[in-house]
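Please read the structure below before turning to the comments.
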Amino acid sequence: MNPSDAKHWQGHPPPLGGPRDELWKDSQNRPKPALRGTPHPANTRYSSNVARVTGSIRSSAAAIVVRQLGCVEYRAAWQWQRELADGRVAGGPDTLLLLEHPAVYTAGRRTEAHERPRQPERGTAGIDVVDTDRGGKITWHGPGQLVGYPIIGLAEPLDVVNYVRRLEEALIRVCADVGVQTTRVDGRSGVWVPAEAGRPARKIAAIGVRVSRATTLHGFALNCDCDLDAFTTIVPCGISDAGVTSLSVELGRQVSVDDVRTAVADAVCDALDGGLPLTWQPSPTRVAST
Numbered sequence: 001m002n003p004s005d006a007k008h009w010q011g012h013p014p015p016l017g018g019p020r021d022e023l024w025k026d027s028q029n030r031p032k033p034a035l036r037g038t039p040h041p042a043n044t045r046y047s048s049n050v051a052r053v054t055g056s057i058r059s060s061a062a063a064i065v066v067r068q069l070g071c072v073e074y075r076a077a078w079q080w081q082r083e084l085a086d087g088r089v090a091g092g093p094d095t096l097l098l099l100e101h102p103a104v105y106t107a108g109r110r111t112e113a114h115e116r117p118r119q120p121e122r123g124t125a126g127i128d129v130v131d132t133d134r135g136g137k138i139t140w141h142g143p144g145q146l147v148g149y150p151i152i153g154l155a156e157p158l159d160v161v162n163y164v165r166r167l168e169e170a171l172i173r174v175c176a177d178v179g180v181q182t183t184r185v186d187g188r189s190g191v192w193v194p195a196e197a198g199r200p201a202r203k204i205a206a207i208g209v210r211v212s213r214a215t216t217l218h219g220f221a222l223n224c225d226c227d228l229d230a231f232t233t234i235v236p237c238g239i240s241d242a243g244v245t246s247l248s249v250e251l252g253r254q255v256s257v258d259d260v261r262t263a264v265a266d267a268v269c270d271a272l273d274g275g276l277p278l279t280w281q282p283s284p285t286r287v288a289s290t
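Residues in the sequence shown are numbered from 1 upward in steps of one, following the UniProt record's numbering.
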């Protein structure tokens, strides 16, 4: 699907099983419900220096419901997240929304005035700015960028850093599978293409989350074949000494949102359930839910 051809959902997206849902298929090509994830016991095992996460971070053993959607207006998607979170707290399923947005800037709670849009550059005039309740600073969403919103009940004790690292690991895996080697950068969330001669590190995927009532909202954005000019009028994620890139720019060929949808769904569900182990230097701090 070409992002420019996507239907823009202005209100509530369609119910499960609607026209924008994709069904997962087995090796015999028989349709299955849009469910991903394998139940795992909720545990995390640590070595002396490095955490190797092999268990689920979720409080539920049921599979994750994956919604593959088209282009959804940001405020409609945000409202839908809140409704899904209310449902999750009431005993409903974990859900992963995968979609695109019409062009929009979203400002996290730590956004400063000088980081907001400056004098518009080509193609960026008139883009709305939405203040949100997620962590982090300002970023851009738009066609050609795959946005993921996991609405997940986290196991106690809550470990938000662990959760973010799992999202990063999933996106690192997807990037590697299409031929882009990425990494983490100390002190900065998201997924990065390492610095090289004459080029600073470039962010290829941003992450900004909120956890309330032990349930996650907001999520991640992976740049596939989006127009990067929109980032030039802001200080993306509050970072002024690094760049922004996309899969298409790094590979020198088009990589569309639809090229990576299935891989992202698989990797995120696997990472949350422990099927995709990750290694990172752990922090002893556990974060309480609000």
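Positions of the beta carbon are idealized from the N, C-alpha and C atoms, including for glycine.
>> Taking its Cβ as the centre, do 16 or more other Cβ atoms sit within 10 Å of arginine 89, making it buried, or is it exposed?
In response: Mapped onto the sequence shown, residue 89 falls at position 89. Arginine is not the amino acid found at residue 89; the sequence shown has valine there. Exposed, because fewer than 16 other Cβ atoms sit within 10 Å of the Cβ of valine 89.
> In terms of alpha-carbon separation, which member of Tyr149, Arg188, Gly190 and Gly179 lies closest to alanine 265?
Replying inline: Here residue 265 is taken as the residue at index 265 of the sequence shown, counted from 1. Here the closest residue by C-alpha is Tyr149.
> Per DSSP, glutamine 68 is paired with what?
Replying inline: Within the sequence shown, residue 68 is the residue found at index 68, counting from 1. Note: glutamine 68 sits in a beta bridge opposite Leu98.
>> Taking the alpha-carbon of valine 268 as reference, which of Pro194, Arg173 and Val257 has the nearest alpha-carbon?
In response: The residue given as residue 268 occupies position 268 in the sequence shown. Per the Cα distances, Arg173.
> From Gly153, Glu73 and Gly208, pick the residue whose C-alpha is nearest to that of alanine 61; which is it?
Replying inline: Walking along the sequence shown from the start, residue 61 turns up at place 61. Among Gly153, Glu73 and Gly208, the Cα nearest to that of alanine 61 belongs to Gly153.
> For glutamate 196, which beta-bridge partners are listed by DSSP?
Replying inline: Indexing the sequence shown from 1 puts residue 196 at position 196. Note: glutamate 196 sits in a beta bridge opposite Arg199.
>> Out of Thr139, Ala107 and Pro143, which one is the CA nearest neighbour of aspartate 131?
In response: Position 131 of the sequence shown, counted from the first residue, corresponds to residue 131. Of Thr139, Ala107 and Pro143, the residue nearest in Cα terms is Ala107.
> Can histidine 101 and valine 147 be called in contact, C-beta distance under 8 Å?
Replying inline: Counting from one through the sequence shown, the residue named residue 101 turns up at place 101. Counting from one through the sequence shown, the residue named residue 147 turns up at place 147. Closer than 8 Å, so yes.
> According to DSSP, what are the bridge partners of phenylalanine 220?
Replying inline: The residue given as residue 220 occupies position 220 in the sequence shown. DSSP output for phenylalanine 220 lists Gly148 and Ile207 as bridge partner(s).
>> The beta strand (DSSP E) that contains isoleucine 57, what's its start and end?
In response: Translated into positions along the sequence shown, residue 57 becomes position 57. It is not in any beta strand (DSSP E) - isoleucine 57 carries neither H nor E in the DSSP assignment.
> Touching or not, the stretch 247 to 262 and the stretch 74 to 91, by the rule of three or more beta carbon pairs under 8 Å?
Replying inline: no
>> Assuming alanine 63 is part of the alpha helix (DSSP H), what are its boundary residues?
In response: Translated into the one-based positions of the sequence shown, residue 63 becomes position 63. Premise fails: alanine 63 is in no alpha helix (DSSP H) and is neither H nor E.
> Near threonine 245, what residues of its chain come up, given a Cβ to Cβ distance below 6 Å and the 5 sequence neighbours on each side ignored?
Replying inline: Position 245 of the sequence shown, counted from the first residue, corresponds to residue 245. The answer, listed in chain order, is Val193, Arg202 and Ile204.
> Identify the residues that DSSP records as bridge partners of tyrosine 105: which are they?
Replying inline: The residue given as residue 105 occupies position 105 in the sequence shown. Note: tyrosine 105 sits in a beta bridge opposite Val129 and Trp140.
>> Please state the DSSP three-state secondary structure of aspartate 273.
In response: In the sequence shown, counting from the first residue as 1, residue 273 sits at position 273. Of the three classes helix, strand and coil, the one that applies to aspartate 273 here is helix, per DSSP.
> What is the C-beta distance between leucine 276 and glutamate 169, in whole angstroms, given that I count them as a contact (C-beta under 8 Å)?
Replying inline: For the purposes of this step, residue 276 is taken as the residue at position 276 of the sequence shown. For the purposes of this step, residue 169 is taken as the residue at position 169 of the sequence shown. So it is a contact: roughly 6 Å between Cβ atoms.
>> Let me confirm a value: aspartate 270 is counted as buried when at least 16 other C-beta atoms fall within 10 Å, else exposed. Which label applies?
In response: As a working mapping, residue 270 is identified with position 270 in the sequence shown. Buried: at least 16 other Cβ atoms inside 10 Å.
> Out of curiosity, what's the CA-to-CA distance linking glycine 87 and cysteine 175?
Replying inline: What you label residue 87 is simply residue 87 of the sequence shown in a count that begins at 1. What you label residue 175 is simply residue 175 of the sequence shown in a count that begins at 1. When rounded, the distance between both Cα atoms is 32 Å.
> Is DSSP giving valine 185 helix, strand or coil here?
Replying inline: Numbered from its first residue, the sequence shown carries residue 185 at position 185. Reduced to three states, the DSSP call for valine 185 is strand.
> Sorry if obvious, but does the Cβ on leucine 251 come closer than 7 Å to a heavy atom of the ligand FAD?
Replying inline: In terms of ligand content, the structure shown is empty, and the ligand FAD therefore cannot be addressed.
>> Taking 8 Å as the threshold (C-beta atoms), are alanine 103 and glycine 142 in contact?
In response: By 1-based counting over the sequence shown, the position of residue 142 is 142. By 1-based counting over the sequence shown, the position of residue 103 is 103. In contact: glycine 142 and alanine 103 (Cβ atoms closer than 8 Å).
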